[in-house]
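**Q** Taking the working numbering, I'd label the letters of the sequence shown as residues -4 to 325.
Yeah, the Cβ is synthetic: ideal placement off N, Cα and C, and Gly gets one too.
Note that this is a predicted model, so its numbers are computed, not measured.
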Amino acid sequence: MIRKFFDNKIGSLTLVILVIMLIRIPIYFVTQYQPSTTLNTGILSNFINEINSVRWLSFVLSFMVVIIEGLIVNKLCWEYNIVEKPGYVILYFFAIANSCFLENFYLSNVQLGNVFVLIGLTYFYLYIKNNYQRRWLFLSALFFGISALCIAEHYWVIIFLIVAIILFKPILPLDIFAILFGLIMPYYLVSAIGYLSNFSYDFYNTWQFWVIKNKTLDFHWIKDGPEILLLFLLLIFVFVGVLQIVGSYFRSNVETRRSKLAMLIFGFYVLSIFFIRFKDYAHYFIVASVPISIFISGFYEGNKWRKWKEFLHIMTLLFLIYTLFRNSTL
């Protein structure tokens, strides 16, 4: 079945969406899980919490957001050859990564923040493609700054942008200024609107990186062990996929090398956020869903060990469904 997803046909897209619906819809009806109305943070938290009070609406909007985000990631891989002949497999694994935990079946600040992250990443690739024109760098930082209003940890994107630029070309003071200006502008704009509208919005309330208190980790192997095992299994696939992408790095042309290197740096950056926020791993796993979906597809790419890969895919999918149904009864 996995080979069908590598085809660039409308039938493959339909099959991917159908498989994801067959995973998510039964879980919705079987479980009585109520989406959080307190966990979400950021500028849109009140809006998201209101939507989450209507369970079916939150479920439908979350599904739509996941598909749209997955299509954006898929388009990035097509245009910049990050994965050879991706078809719709990136969309498939992106949706799978966003369906590993019950929390991610409903709308959250992380899901909405990821929309702006993907737009920022798209502009960064345009920056690389168009001879490092600074306006694309500014737009990239601007949308990352908007995403930081939903996911405060994304203020650390400044590290990703600076490191990536240094690896591609000599960095200039104007590059750093464009990054800082674009990253901070959304915050100051919202703060000004807040001041004029008489509601409190300051940088301390926005910046929550050092106040990691969304959820107290209450870990038990009997209760949480299968979820951790699923995460560990997916990360093994990610590791092997990274090795395959690195192995083919020097066989690619210069533009493809830049695209792959940028994604490797971005993957390290968002995986760092995930591990820092590991006490709330289910909520923040989808922060890393972009590189995870790309690197896992790299693992399944090619015809070597085709039957074994198909077997691993089916067993992983069944284990995912088992953990979802299991958690719905706890």
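Are the Cβ atoms of Ile409 and Val233 separated by less than 7 Å?
**A** A question about residue 409 goes unanswered here, because the residues of the chain that appear run from -4 up to 325.
**Q** Tell me which residues share the same chain as Arg321 and place their Cβ nearer than 8 Å to its Cβ, disregarding the 5 neighbours each side in the sequence.
**A** Here residue 321 refers to the residue found at position 326 when the sequence shown is read from its first residue. Cβ neighbours of Arg321 beyond the five flanking positions: Pro221.
**Q** Checking 7 Å against the spacing of the C-beta atoms, do Asp2 and Gly82 come in under that value?
**A** Within the sequence shown, residue 2 is the residue found at index 7, counting from 1. Within the sequence shown, residue 82 is the residue found at index 87, counting from 1. Yes, these two residues count as a Cβ contact at 7 Å.
**Q** Tell me whether the beta-carbon of Ala92 lies closer than 7 Å to the beta-carbon of Ile287.
**A** Position 97 of the sequence shown, counted from the first residue, corresponds to residue 92. Position 292 of the sequence shown, counted from the first residue, corresponds to residue 287. Yes, these two residues count as a Cβ contact at 7 Å.
**Q** Can you check which of these residues, Asn76, Phe58 and Ala173, is closest to Arg246 by C-alpha distance?
**A** As a position in the sequence shown, residue 246 is number 251, starting the count at 1. Nearest of Asn76, Phe58 and Ala173 to Arg246, Cα basis: Asn76.
**Q** Does the segment 40 to 48 come into contact with the segment 84 to 91, if we say contact requires no fewer than three beta-carbon pairs (one atom in each stretch) closer than 8 Å?
**A** No: fewer than three Cβ pairs fall under 8 Å.
**Q** Considering only residues of the same chain and omitting the five flanking positions on each side of Ile271, which have a CB-CB separation below 6 Å?
**A** Here residue 271 refers to the residue found at position 276 of the sequence shown. So no residue of the chain qualifies.
**Q** Is it true that the segment 302 to 309 meets the segment 273 to 288, where meeting means three or more beta-carbon pairs spaced less than 8 Å apart?
**A** With the cut-off at 8 Å, the segment 302 to 309 and the segment 273 to 288 do not touch.
**Q** Among Phe263, Gly293 and Leu226, which has the Cα closest to the Cα of Thr311?
**A** As a position in the sequence shown, residue 311 is number 316, starting the count at 1. For the residues Phe263, Gly293 and Leu226, the minimum Cα distance to Thr311 belongs to Leu226.
**Q** Between the Cα of Cys72 and those of Leu8, Leu144 and Ile85, spot the shortest distance and give me the residue it belongs to.
**A** Within the sequence shown, numbered from 1, the residue matching residue 72 stands at position 77. The shortest C-alpha separation from Cys72 is found at Ile85.
**Q** Closer than 7 Å by C-beta to Pro21: which residues in its own chain qualify, once you throw out the five before and the five after it? Chain order, please.
**A** Indexing the sequence shown from 1 puts residue 21 at position 26. For Pro21, where only same-chain residues beyond five positions count, there are no Cβ hits under 7 Å.
**Q** By how many angstroms is the C-alpha of Tyr122 removed from the C-alpha of Gln128?
**A** As a working note, residue 128 is residue 133 in the sequence shown. As a working note, residue 122 is residue 127 in the sequence shown. The straight-line gap from Cα to Cα measures roughly 6 Å.
**Q** Given that a residue counts as buried once 16 or more other Cβ atoms are within 10 Å of its Cβ, and exposed if not, what is Pro165?
**A** Along the sequence shown, read from residue 1 onward, the residue named residue 165 stands at position 170. Label assigned to Pro165: exposed.
**Q** Can you look up Tyr28 in the DSSP assignment and give me helix, strand or coil?
**A** Here the question's residue 28 lines up with position 33 in the sequence shown. Residue state, collapsed to three classes: coil.
**Q** Just mark Ile309 as buried or exposed, buried being the case when its beta carbon has 16 or more other beta carbons within 10 Å.
**A** Within the sequence shown, the letter at position 314 stands for residue 309. Looking at its Cβ environment, which holds fewer than 16 other Cβ atoms inside 10 Å, Ile309 is exposed.
**Q** Grouping DSSP H, G and I as helix and E and B as strand, with all else coil, what is Leu102?
**A** For this step, residue 102 is matched to residue 107 along the sequence shown. Looking at Leu102 - three-state DSSP - the assignment turns out to be coil, as it is neither helix nor strand.
**Q** How far does the alpha helix (DSSP H) with Trp131 in it extend, from its first residue to its last?
**A** The count along the sequence shown starts at 1 and reaches residue 131 at position 136. Arg129 to Cys145 is the span of the alpha helix (DSSP H), which, as asked, contains Trp131.
**Q** Using a 10 Å radius around the Cβ and a threshold of 16 neighbouring Cβ atoms, would you call Glu74 buried or exposed?
**A** Your numbering for residue 74 matches position 79 in the sequence shown. So Glu74 counts as exposed.
**Q** Using a 10 Å radius around the Cβ and a threshold of 16 neighbouring Cβ atoms, would you call Ser7 buried or exposed?
**A** Taking the sequence shown and counting its residues from 1, the one referred to as residue 7 is at position 12. Counting Cβ neighbours within 10 Å, Ser7 comes out buried, since at least 16 surround it.
**Q** What does the alpha-carbon distance come out to for the pair Pro168 and Thr26?
**A** What you label residue 168 is simply residue 173 of the sequence shown in a count that begins at 1. What you label residue 26 is simply residue 31 of the sequence shown in a count that begins at 1. Looking at the two C-alpha atoms, the distance is approximately 53 Å.
**Q** Confirm, please, whether the CB-CB distance from Phe133 to Ile114 is below 7 Å.
**A** Against the sequence shown, residue 114 aligns to sequence position 119. Against the sequence shown, residue 133 aligns to sequence position 138. Not in contact: Ile114 and Phe133 (Cβ atoms no closer than 7 Å).
**Q** Measure the alpha-carbon distance for Thr318 versus Tyr23 and round it to whole angstroms.
**A** Counting from 1 along the sequence shown, the entry for residue 318 is found at position 323. Counting from 1 along the sequence shown, the entry for residue 23 is found at position 28. One C-alpha to the other measures close to 14 Å.
**Q** So, are the CB atoms of Lys255 and Tyr264 less than 7 Å apart?
**A** Taking the first residue of the sequence shown as 1, we reach residue 255 at position 260. Taking the first residue of the sequence shown as 1, we reach residue 264 at position 269. Not a contact, by the Cβ cut-off of 7 Å.
**Q** If you draw a straight line from the alpha carbon of Thr251 to that of Gly293, how long is it in whole angstroms?
**A** In the sequence shown, counting from the first residue as 1, residue 251 sits at position 256. In the sequence shown, counting from the first residue as 1, residue 293 sits at position 298. Distance between the alpha carbons of Thr251 and Gly293 is about 15 Å.
**Q** Can you grab the Cα-Cα spacing for the pair Gly236 / Lys80, in whole Å?
**A** Working through the sequence shown from its first residue, we reach residue 236 at position 241. Working through the sequence shown from its first residue, we reach residue 80 at position 85. Distance between the alpha carbons of Gly236 and Lys80 is about 15 Å.
**Q** Apply the 10 Å Cβ neighbour rule to Ile174 and answer buried if 16 or more other Cβ atoms are within range, or exposed otherwise.
**A** Here residue 174 refers to the residue found at position 179 when the sequence shown is read from its first residue. Looking at its Cβ environment, which holds 16 or more other Cβ atoms inside 10 Å, Ile174 is buried.
**Q** Three-state secondary structure (DSSP) at Gly82?
**A** Numbered from its first residue, the sequence shown carries residue 82 at position 87. The answer is coil: DSSP assigns Gly82 none of H, G, I, E or B.
**Q** If you drop the 5 nearest sequence neighbours on each side, which residues of the same chain put their C-beta closer than 6 Å to that of Val60?
**A** In the sequence shown, the residue the question calls residue 60 occupies position 65. If we look at Val60 and ignore the five residues flanking it on each side, its Cβ neighbours are Gln106.
**Q** By alpha-carbon positions, which one of Leu56, Phe96 and Tyr150 ends up nearest to Leu178?
**A** By one-based count along the sequence shown, residue 178 stands at place 183. Nearest of Leu56, Phe96 and Tyr150 to Leu178, Cα basis: Tyr150.
**Q** Return helix, strand or coil for Arg272, following the three-state DSSP convention.
**A** Along the sequence shown, read from residue 1 onward, the residue named residue 272 stands at position 277. Three-state DSSP puts Arg272 in coil, outside helix and strand.
**Q** Quick one: grab the DSSP three-state call for Lys210.
**A** Position 215 of the sequence shown, counted from the first residue, corresponds to residue 210. Low confidence applies to Lys210: its pLDDT is 46, below 50, so where it sits in the model is not reliable, and the reading given next is rough at best. The answer is coil: DSSP assigns Lys210 none of H, G, I, E or B.
**Q** If we count the other Cβ atoms within 10 Å of its Cβ and call it buried at 16 or more, is Leu259 buried or exposed?
**A** For this step, residue 259 is matched to residue 264 along the sequence shown. Looking at its Cβ environment, which holds 16 or more other Cβ atoms inside 10 Å, Leu259 is buried.
**Q** Assuming Asn41 is part of the alpha helix (DSSP H), what are its boundary residues?
**A** Taking the first residue of the sequence shown as 1, we reach residue 41 at position 46. From DSSP, the alpha helix (DSSP H) with Asn41 extends over Ser40 to Asn47.
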